[in-house]
Every structure is written in structure tokens, then in C-alpha cells.
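Colleague: Sequential numbering from 374 applies to the sequence shown in our numbering.
Positions of the beta carbon are idealized from the N, C-alpha and C atoms, including for glycine.
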Amino acid sequence: MKKKKSISAVFVFLIVLLLAILFFMPFFLVIINSLKESQEFVANPFSWPVKVKWSNYANAFQTMNFSHAFLNSLIICVIATAFSAVLSAMNAYVLSRKKWKINKIIFMLLVAAMVIPFQVIMIPLVKIYGSWFGLTNNILLVTLLHIGLNIPFPTFLYCGFVGGIPEELDEAAVIDGASSERTFFKIIFPLLKPITITCVVFTALSIWNDYILASTFLSLKEVKTLPLMTYAFLTTHSADYSPMMAGLVLTMLPVLILYLVGQRYIIEGIVAGSVKG
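Put into C-alpha cells, the structure is as follows:
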């Protein structure tokens with residue numbers, strides 16, 4: 374029996390190892406190709422660099438106008454993520470605590486919104502905000518759209534967590550004279566820290582890596598985000614692939630660091646939410 378278990382454990386380990394290698398391979402290829410000449414990349418993208426070319430990163434930094442594009446991405450990501458987390462937590466609190474009949478309808482609409490691809494609503498948004506209001510190349514508009522688009526999923530996660538917090542805490546706060554707003558921000562919201570970190574990381578990753586929404590509304594170089602600026606290496610007849618790979622590495626680093634810092638909280642938040650729900 375023990376021998377069968379050990380064989381099963383080895384088999385599972387090998388499967389997980391294979392999946393990890395397959396998952397890491399694209400990142401590995403991007404890194405090694407960012408250190409080559411573009412001709413080497415075209416000749417064989419799977420080979421080691423003949424000579425390491427660190428200047429690709431300096432080239433990428435300059436071509437992408439990295440500092441400015443980074444600032445644009447950071448502004449959109451930080452503001453949209455913060456508002457999305459707070460508004461989603463407030464939504465979940467009302468949906469979980471108030472026994473209104475309309476709450477079930479609102480919750481189902483939020484769940485339905487999670488499965489609607491952005492491509493379905495992209496053209497109406499462009500028509501309304503681009504043609505009618507002329508709000509293209511507006512970072513504030515893109516930020517507001519990200520806030521709206523990133524409320525359904527965090528609300529869904531928060532609802533499972535809020536449902537596990539005893540309502541006696543709310544009742545005790547009311548007896549002490551606290552308003553609903555004070556009860557939420559002083560008592561309930563601090564208890565949502567694990568799921569809040571989970572939602573923040575997921576939302577930040579989604580917004581930072583966004584290309585479709587940003588490319589739909591941002592066309593001027595001054596307002597472009599990092600994912601959009603990676604296309605600065607493409608011309609009509611050619612592409613500078615190795616500096617582009619270096620630009621992709623620079624673009625990935627901030628979200629990779631964020632994920633590595635928050636991965637423990639992501640797992641804790643999801644597990645805690647499922648248990649409490």
C-alpha cells in the first residue's frame with residue numbers, strides 16, 4: 374500500500390514538474406532572447422546568445438519612453454485598483470447584509486457581467502465616449518472604465534467572505550451608536566484584509582497587462598501605457614525583436630514582483646473566502 378502511494382506521489386510530482394516547465398518556458402525564452410542580436414532571434418529563437426547584449430535594455434528603456442509610459446500605467450493601475458477594491462467591498466457588504474429582494478437580482482447581474490467579454494461592449498463604449506463625448510486619449514476615462522469593469526469579480530469574492538463575518542458585530546456597533554458607514558470602514562473592512570489583498574493583486578495584474586481597452590482609447594504617445602509602448606519596436610517592414618523582448622521583461626517586472634509579494638495572501642484569501650462562504 375505504501376509503495377503504491379509513493380509511486381502515485383512520484384507520478385503527481387512529475388506531472389506538476391512538467392506543467393511548471395511548460396509554464397516557465399515562454400518566460401525563459403523572452404529573457405534569453407532579450408540578450409541577443411535581433412538577427413540571432415530570427416535565426417533561432419531557442420538558442421543561447423552568442424554574446425550577451427545588455428544594451429537591449431537601455432535601447433528598450435529609451436525607445437519605449439519607459440519612465441513616462443510606466444507613470445501612465447501606474448496612475449491607471451493604482452487608482453483603478455484602489456477604487457475597485459473599496460467599491461466592491463461596499464457592494465458585497467450591502468448585498469450580504471441587507472435582505473432586499475433586489476439584491477438577488479443585482480448579484481445575478483454582477484455574475485452575468487463577469488462572463489461578458491470586453492469585445493462585446495467595446496464598440497458601444499467607443500461610440501459613446503469616443504464619438505459622442507470625444508474623450509479619447511484621456512487617462513481618466515480609461516481609469517474609470519477599468520474601475521467599472523473590475524467590480525463584478527471582486528464583489529463576488531467579497532460576498533463569500535462577508536457572509537462569514539458574524540452579524541453580531543454590526544449589531545454591537547449600532548448599539549454603540551455607529552453609523553452603517555462607520556461600521557463598515559472601522560469594523561468590517563479591516564477584517565477583509567486577506568480577500569482584499571487577493572482582489573488587489575488580481576485586479577492590478579489585469580489592469581497592468583491590459584492592451585485592448587488601452588489601445589481602444591489611447592493613441593497618442595504621451596498617454597500610452599507600457600503594453601502599448603512595446604509596439605514602438607515594430608515598423609511597416611521590419612521589427613527590432615530583441616529590444617522588444619527586453620521591453621517585455623521590463624514591463625513584466627512590476628507585476629511579477631507584486632505577485633511574488635502577494636501570492637501567500639492570494640491563497641489565504643481564496644481559501645478563507647471559500648470556507649467562510
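For the alpha helix (DSSP H) holding residue 579, just list the boundary residues, first then last.
Modeller: Note, residue 579: alpha helix (DSSP H), 566-581.
Colleague: Could you work out which residue in 561, 550 and 554 is closest to residue 542 when comparing CA atoms only?
Modeller: It is 561 whose Cα lies nearest to the Cα of residue 542.
Colleague: Check residue 551 in the structure and name its three-state DSSP category.
Modeller: Residue 551: coil per DSSP, three-state reduction.
Colleague: Does residue 607 come out as helix, strand or coil in the three-state DSSP assignment?
Modeller: The answer is strand: DSSP assigns residue 607 an E or B state.
Colleague: How about residue 613: is its Cβ closer than 7 Å to a heavy atom in the ligand ATP?
Modeller: This structure does not include the ligand ATP; it has no bound ligands of any sort.
Colleague: Whole angstroms is fine: what's the gap from residue 595's alpha carbon to residue 483's?
Modeller: Distance between the alpha carbons of residue 595 and residue 483 is about 34 Å.
Colleague: Please return the same chain residues whose Cβ sits closer than 6 Å to the Cβ of residue 464, not counting the five positions on each side in sequence.
Modeller: 528.
Colleague: Between which two residues does the alpha helix (DSSP H) holding residue 612 run?
Modeller: It is not in any alpha helix (DSSP H) - residue 612 carries neither H nor E in the DSSP assignment.
Colleague: Output the distance between the C-alpha atoms of residue 616 and residue 443, rounded to the nearest integer angstrom.
Modeller: Spanning the two alpha carbons is a distance of roughly 17 Å.
Colleague: Buried or exposed for residue 618, please, with buried defined as at least 16 other CB atoms from any protein chain shown within 10 angstroms of its CB.
Modeller: Label assigned to residue 618: buried.
Colleague: Rounded to whole angstroms, what's the CA-CA distance from residue 380 to residue 394? Just pull it up for me.
Modeller: The straight-line gap from Cα to Cα measures roughly 21 Å.
Colleague: Using 8 Å as the cut-off, can you tell me whether the region 406-425 makes contact with the region 484-491, which would need three or more C-beta pairs spanning the two stretches below that distance?
Modeller: Contact between the region 406-425 and the region 484-491 is absent, because fewer than three Cβ pairs lie under 8 Å.
Colleague: Cβ of residue 600 within 8 Å of Cβ of residue 584?
Modeller: A contact, by the Cβ cut-off of 8 Å.
Colleague: Using three-state DSSP, classify residue 637 as helix, strand or coil.
Modeller: The answer is helix: DSSP assigns residue 637 an H, G or I state.
Colleague: Within 10 Å of its beta-carbon, does residue 567 have 16 or more other beta-carbons around it, so buried, or fewer, so exposed?
Modeller: The residue in question, residue 567, is buried, as its Cβ has 16 or more Cβ neighbours within 10 Å.
Colleague: Taking just the CA atoms, how far does residue 540 sit from residue 496?
Modeller: The straight-line gap from Cα to Cα measures roughly 43 Å.
Colleague: Is the region 543-555 in contact with the region 472-479, if contact means three or more CB pairs nearer than 8 Å?
Modeller: At 8 Å Cβ cutoff, the stretches do not touch.
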